[in-house]
Amino acid sequence: MATLYANQSLGDILIEEGLIRPDELARILGGREDATEPLGDLLVRLGLLSPRDRARCLGRQLRIPFLDLRGREIDTDVANLIPLSMASRLCALPLERSPTALSMVMINPLDVAAIGELQAHTGLEIDPFIAAEEDIREAIIRAFGAYDDLSGLITETLQSLDTNDPTYTDERDAEEKVLSYGDLRKMSKDAPVVRLVNAMVVQAITSRASDIHIEPERERLRVRFRVDGLLQDAMGLPKEVQLPLISRLKIIAGMDIAEQRAPQDGRLTLQTPGGEYDMRLSTYPCLYGENMVIRILDKSADRIHLPNLGMEADTLAELQHLIQRPHGMILACGPTGSGKTTTLYACLNALNSVERNIMTIEDPVEYRVNGIIQGNVNAKAGVTFASGLRTLVRQDPDVILVGEIRDGETARIAVEAALTGHMVLSTIHANNSAGAVNRLIDMGIEPFLVASTLVAAVSQRLLRLNCKECLTPYLPDPELIARMKCEALSASPGWRYLRGAGCETCNGVGFKGRTGVYELMAVTEPLERLIQARVTTRELCDAAFAHSRQLRADAFCKLSRGLTTLEEIARVTVD
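When we follow the working numbering, the leftmost residue of the sequence shown carries the number 4, and every step to the right adds one.
And the structure:
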């Protein structure tokens, strides 16, 4: 077993590797709030160090070999020396074996308990290696069932079905085709169908998809994944697979497989090598069958922290200050899928402590967090946002998260809660942060109540990030530069526009991952007077952002650091 201790500090190694400057490291260490947080974790959280570089430098410090698992062939026979559940739980994967020892790549090679468990299970001496967590989990997926050969699975599925049966080939409209419960259940339980569904979901998670769209067409079944906010074709399946695949998904989501003429909603929890995911399923009857959309939600919010969201330093500092208020209301604004709930949960993580009682009412609970009491809307049981919030106020909460303020009754109760000594966090659909004020007024809240309870409104969007592996200079269209008013920026000495050229890491699209862009409107005394005077959204916006950044200006900060492209900013933001 490798030596587990070394004299050189991780900070010294990072400086030697050129990954951070000594003055920058000293500034970060001097300003950190939690002295117990490991340096590597802190730098990754701040976006100053990649997880792969952290693992490599930590391996050097501990004198444990680092492995880059990207593209490495995984011996499935060796990998299966431990079960999938153990590999996922410990984030460890066997790579090679000898008669007496087993090479094991691990996220934490100092975990003596994990090494002992692995040795007891395999009966072999464990020789640990270190790698980045993301790489290990992707390798686990490849080892235990990535289903790379989807064409083989599709062929096997078709062979298992009696495709001469008109059930599979009939092209009549969905309204005319009604199968028995027994027929649908039988076809959905075929082993190849089960594995095809598993393959599709695993591939979506591996691709970092937030949604799976299963769309019936006349001649085929189209499957698309939404990755980094945009849909992309994932696979085209034969028409014969449509009914078994949809039926299988409906069964595991607790939906009625015999009902094909009415929309349905369902949900399921899935344990994968990459973690545990909640999935929300929705069907909609259309011309050629049932259209299904699956929303993929990572249940863990442990790694959702305000510094990780992409806020500029001054915006972050102001929001961290505002959420510490003992009472009031903070609203996150933006369209569906802009990361509002993620921002609010980052705020909850910052507030989560033994001294505070934090409670939520959501539709549904999107993240699971220890130390927070979370609840779901349940229309069948009469639990709405309004009724749930009314109950929460009687539960002695300090902080309340309301999934969405969507009607006047919920808005009124939220305002009353903010007035009576609670901090209320919620989302609201508004185009910008100033628009949240008039949205509340439109719901029937008096302007003086809005002015006295609203602490801040945060408007946000998500920008795709340039792939770091294929970053290259380029020149945008001059017309776009002029329309975005970037002529002065383009003329700055040393200025370069950067974009991803497309590589294997980003699947050729040039982007990988997303970051938030924000505008934070803190309600000051001058703004309170304007709110009470019922000024227009434009007038309120001009006053609120006379000395601070709006969305597009915040996006330009990302552009100046080469994080995104001018085209992406134009797509996501407006003047």
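Cβ coordinates follow ideal geometry from the N, Cα and C atoms, glycine included.
Identity of the residues DSSP links to residue 362 by a beta bridge: 376 and 403
Are residue 264 and residue 288 touching if we call contact CB-CB under 7 Å? yes
Within its chain, find whatever has a CB closer than 6 Å to the CB of residue 181; leave out the 5 residues flanking it on each side and keep chain order. Because the pLDDT at residue 181 is just 43, under 50, the model does not fix this residue reliably, and the value given afterwards should be weighed accordingly. The beta carbon of residue 181 sits closer than 6 Å to none of the beta carbons in its chain outside the five residues before and after it.
Residue nearest to residue 253 in terms of C-alpha spacing, selected from 283, 523, 229 and 206: 283
Within its chain, find whatever has a CB closer than 6 Å to the CB of residue 219; leave out the 5 residues flanking it on each side and keep chain order. 245, 291 and 292
Per DSSP, what are the beta-bridge partners of residue 469 in this structure? 514
Where residue 461 and residue 524 are concerned, what is the direct C-alpha to C-alpha distance, given to the nearest angstrom? 6 Å
DSSP state of residue 263 mapped onto helix, strand, coil: Taken through DSSP and simplified to helix, strand or coil, residue 263 comes out as coil.
Is the separation between the beta-carbon of residue 332 and that of residue 456 shorter than 7 Å? yes
Please give the ranges of any beta strand (DSSP E) in the segment 452-497, keeping only runs that are unbroken, at least 3 residues long and fully inside the region. 457-469 and 474-477
Around the C-beta of residue 376, are 16 or more other C-beta atoms found within 10 angstroms, so that it is buried, or is it exposed? exposed
Using alpha carbons as the reference points, say which of 479, 438, 298 and 504 lies closest to residue 468. 504
Are the beta-carbon atoms of residue 144 and residue 209 separated by less than 7 Å? Result yes, Cβ atoms of residue 144 and residue 209 sit closer than 7 Å.
Span of the alpha helix (DSSP H) around residue 535: 528-535
Please state whether DSSP places residue 181 in a helix, a strand or coil. A caution first: residue 181 carries a pLDDT of 43, below 50, which makes its placement in the model too unreliable to give a value.
Would you say residue 410 faces chain D, with C-beta separation under 7 Å as the test? Checking the listed chains, one finds no chain D in this structure; it contains a single protein chain.
Between residue 19 and the rest of its own chain, which residues show a CB-CB distance below 6 Å, the 5 nearest in sequence each way excluded? Here the set comprises nothing.
Pair within 7 Å by beta-carbon distance, residue 336 and residue 459: no
Tell me which same chain residues have a C-beta within less than 8 Å of the C-beta of residue 388, skipping the five on either side of it? 364, 366, 380, 405, 406, 407, 408, 409, 410 and 413
For residue 147, does the count of other Cβ atoms within 10 angstroms reach 16, so buried, or fall short, so exposed? Label assigned to residue 147: buried.
Going by the DSSP bridge assignment, what does residue 430 pair with across the sheet? 335.
Do you know whose CA, among 60, 482 and 86, lies nearest residue 22's CA? 60
Using 8 Å as the Cβ pair cut-off and three pairs as the minimum, do the segment 41-53 and the segment 100-115 touch? no
Assign residue 221 to one of three DSSP states: helix, strand, or coil. coil
In terms of residue numbering, what span does the beta strand (DSSP E) encompassing residue 107 cover? 104-109
Through-space distance from residue 329 to residue 403, alpha-carbon basis: 12 Å
Residue environment, residue 369, which counts as buried when at least 16 other CB atoms sit within 10 Å: buried
Report the residue from 423, 539, 494 and 353 whose alpha carbon sits nearest the alpha carbon of residue 445. 539
How big is the Cα-Cα spacing for residue 475 and residue 495? 18 Å
What are the uninterrupted segments assigned as alpha helix (DSSP H) that are 4 or more residues long and contained completely in the segment 8-60, given in chain order? 13-19, 25-34 and 42-48
By the three-class DSSP mapping on this structure, what secondary structure does residue 544 have? helix
Give the straight-line distance between the Cα atoms of residue 479 and residue 544, rounded to the nearest whole angstrom. 30 Å
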